[in-house]
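S.K.: Numbering (this note's numbering), first residue to last: 1 to 409.
1. Rounding to the nearest angstrom, what Cα-Cα distance links residue 367 and residue 51 in this structure?
2. Given a threshold of 16 other Cβ atoms within 10 Å of its Cβ, counted over all protein chains shown, does residue 217 qualify as buried or as exposed?
3. Confirm the yes/no value for this check: CB of residue 72, any heavy atom of the ligand NAD, distance under 7 angstroms.
4. Return the Cβ separation of residue 223 and residue 332 in integer angstroms, given the expectation that the two are a contact with Cβ distance under 8 angstroms.
5. Among residues of its own chain, excluding the 5 on either side of residue 215, which ones have a beta-carbon nearer than 7 angstroms to its beta-carbon?
6. What three-state label does DSSP hand residue 376 in the structure shown?
7. Taking 8 angstroms as the threshold, find out whether the stretch 12–26 comes into contact with the stretch 127–145 through three or more Cβ pairs.
8. Is residue 276 helix, strand or coil by DSSP?
9. Assuming residue 93 and residue 274 make a contact with CB atoms under 8 angstroms, what is their CB distance in whole Å?
10. Which class does residue 197 belong to by DSSP, given the choice of helix, strand or coil?
11. State buried or exposed for residue 96, treating a residue as buried only when at least 16 other CB atoms are found within 10 Å of its CB.
12. Whose CA, out of 226, 299 and 47, lies closest to the CA of residue 139?
13. Quick one, which of 87, 137, 121 and 100 has its alpha-carbon nearest residue 113's?
14. What whole-angstrom Cβ distance do residue 290 and residue 277 have, given they're in contact under 8 angstroms?
15. Looking only at C-alpha atoms, which of 302, 34 and 123 sits nearest to residue 59?
16. Which term fits residue 349, buried or exposed, when burial requires 16 or more other beta carbons within 10 angstroms of its beta carbon?
17. Would you report the Cα separation of residue 137 and residue 239, rounded to the nearest angstrom?
18. Give the list of continuous alpha helix (DSSP H) stretches no shorter than 4 residues that lie fully inside the stretch 313–345.
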């Protein structure tokens with residue numbers, strides 16, 4: 001055996017193991033409780049459409065012949081605003097997998113985030129289907145706990161930091177996996193002592209769910225930055241496009257939203273409508289309709305193309321490509337919740353979520369057991385079939401696993 005191969009196979013030094021163990025222990029402990037909360041709240045969010053159907057809160061459009069002509073968007077907006085005449089239009093959007101109706105969001109101002117009203121209007125008949133409430137009920141509580149802990153932007157950024165600690169815990173757990181488990185066969189779970197069994201199960205599930213946990217944790221962390229990313233996009237992209245409008249007042253009367261949508265779809269006929277942001281909202285400017293188009297295929301259905309149309313004249317102003325950071329945000333959302341592959345993907349996500357809950361719970365159990373000297377002494381009694389850990393090493397919890405979004409999942 002050469003000197004190089006001996007170096008490659010040399011075990012990690014005790015000093016390095018202790019350093020990585022410290023990093024792993026504290027990054028895990030700080031975020032574990034919050035990751036458990038995110039896993040538990042993320043589980044029903046994976047099946048939010050199915051739960052909504054069971055609870056009767058999902059909007060159901062009637063079945064009509066496929067060649068039924070679509071109602072004008074101007075008519076759709078007129079019908080929605082007639083129900084709430086004191087409010088201004090903010091957004092009109094389709095569900096990603098159902099374009100038979102529009103969700104129209106109305107608010108006291110284009111930027112209001114309280115007191116908003118949503119009206120579901122049939123896209124073919126312009127009939128009102130429902131006025132869903134997204135700010136109440138079981139799923140609303142689950143979503144708010146998962147996204148921001150009912151604390152707004154501060155809650156999102158806090159959960160984002162917990163997501164960062166999760167990634168640190170995962171990386172440090174991977175580094176420690178080999179020295180801790182080198183005397184056990186892969187997949188082996190010792191049955192002689194409760195602590196040894198839970199330690200082996202913790203490590204096994206942790207390494208099996210490694211890639212998924214890292215992906216969900218990273219995408220959840222990105223999702224917590226959504227508000228800041230959108231603000232930066234306005235500063236970075238929209239400010240240059242609005243230079244010709246400096247000193248001008250927003251249009252007193254809005255032009256036809258149907259014509260604006262038609263102009264945008266004509267620019268990219270291979271795409272379909274995702275949503276329309278009205279002038280003054282966070283996704284637009286005071287002078288424009290911003291029509292967001294999406295791809296028609298599963299692989300590009302989450303990628304959006306913005307088209308700015310002058311809200312006073314219906315002249316197409318610009319169609320800037322999305323910057324990389326906004327594309328990263330859009331891609332991270334379906335990866336986080338696993339809602340891009342239908343029911344099979346949702347079931348896989350749910351099973352991995354449950355496995356992660358076991359990893360989190362077992363890690364917490366192992367640490368709490370070490371805090372109890374009497375219990376630790378009892379657990380240290382020799383077992384005949386146990387294989388010892390490497391000399392001088394005290395196993396630590398492997399990783400607090402998932403930041404689900406999210407998101408946070």
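Here a beta-carbon is modelled for each residue, glycine too, at the ideal position from N, C-alpha and C.
M.R.: Working from what's here:
1. Computed Cα separation, rounded: 36 angstroms.
2. Buried: at least 16 other Cβ atoms inside 10 Å.
3. The ligand NAD is not part of this structure, which contains no ligands at all.
4. With a Cβ gap of about 6 angstroms, residue 223 and residue 332 count as contacting.
5. Closer than 7 angstroms at the Cβ level, and outside the excluded window around residue 215, lie 335.
6. The predicted model places residue 376 with a pLDDT of 48, which falls under 50 and marks its position as unreliable, so this point remains unresolved.
7. Here the stretch 12–26 makes no contact with the stretch 127–145; the two share fewer than three CB pairs at distances below 8 angstroms.
8. For residue 276, the three-state secondary structure derived from DSSP is strand.
9. About 7 angstroms separates the CB atoms of residue 93 and residue 274; that is less than 8 angstroms, so the two are in contact.
10. Here residue 197 sits in helix by DSSP.
11. Burial call: exposed.
12. Looking at the Cα atoms, 47 is the closest of the given residues.
13. Minimum Cα-Cα distance from residue 113 among the listed residues 87, 137, 121 and 100 corresponds to 87.
14. About 4 angstroms separates the beta carbons of residue 290 and residue 277, which is inside the 8 angstroms limit, making them a contact pair.
15. Comparing Cα positions, the closest option is 123.
16. By the Cβ neighbour-count rule, residue 349 is buried, with 16 or more other Cβ atoms within 10 Å of its own.
17. If you take the alpha carbons of residue 137 and residue 239, they lie about 39 angstroms apart.
18. Contiguous alpha helix (DSSP H) elements confined to the stretch 313–345 occur at 324–337, taking only those with 4 or more residues.
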